[in-house]
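The sequence shown begins at 705 in the numbering used here and counts up by one.
Each residue gets a CB set at the ideal place from its N, CA and C atoms; glycine is no exception.
Here's the structure, in structure tokens; my notes come after.
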Amino acid sequence: MTATTFDTRPMLNNEVSLPQARLWRAEGDLRGEQITCTAGQLWVTQKNDLNDYVLNTGEIFWVTRPGTVLVQALTNGQFRFSRFTAHNQSGRN
């Protein structure tokens, strides 16, 4: 399995495409960031969270803990990684 690590600061609000089984990793204090599944099905987990989350197209995961965030494509997938702002406080983009 190949993991791709990104510095998320320059890529906020960008789309990330992942082929099936590919792993995406981000590090740091990302609390308040959101991962929006825009295509396919994604598995998401974050450091110190015993739960795993599966996102389908249109579903959103909010990062609530500092540390590593992992996203794996269960099918060919795509997601948007974006910063929480007052503009989207209601959960809408």
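Host beta strand (DSSP E) of residue i (start-end)
i    : result
R787 : 781-787
R729 : 727-730
Q724 : Q724 -> no beta strand (DSSP E), and no H or E assigned at all.
E737 : 737-743
N773 : Looking at the sequence shown, residue 773 is not Asn but Val. Looking at the DSSP string, the run of the beta strand (DSSP E) that includes V773 is 773-777.
L685 : Nothing can be reported for residue 685, as the shown portion of the chain is limited to 705 through 797.
Environment of residue i [buried if 16+ CB atoms lie within 10 Å]
i    : result
L754 : exposed
E719 : exposed
Cβ-based neighbour list, residue i, same chain, cut-off 7 Å, excluding 5 preceding and 5 following
i    : result
A777 : L722, P723, Q724, A725, R726, G744, L746
R769 : R735, Q750, K751, N752, D753
N760 : C741, Q745
Cβ shell of residue i (< 8 Å), same chain only, five flanking positions each side left out
i    : result
V825 : Within the shown structure, residues of the chain are numbered from 705 to 797, placing residue 825 beyond reach of any answer.
Other residues of its chain near residue i: CB distance less than 6 Å, five sequence neighbours each side excluded
i    : result
V775 : W728, L746, V748
E731 : T772
D733 : P770
**OP:** May I ask you to verify whether the region 775-790 touches the region 735-743, counting CB pairs closer than 8 Å and requiring at least 3?
**Re:** yes
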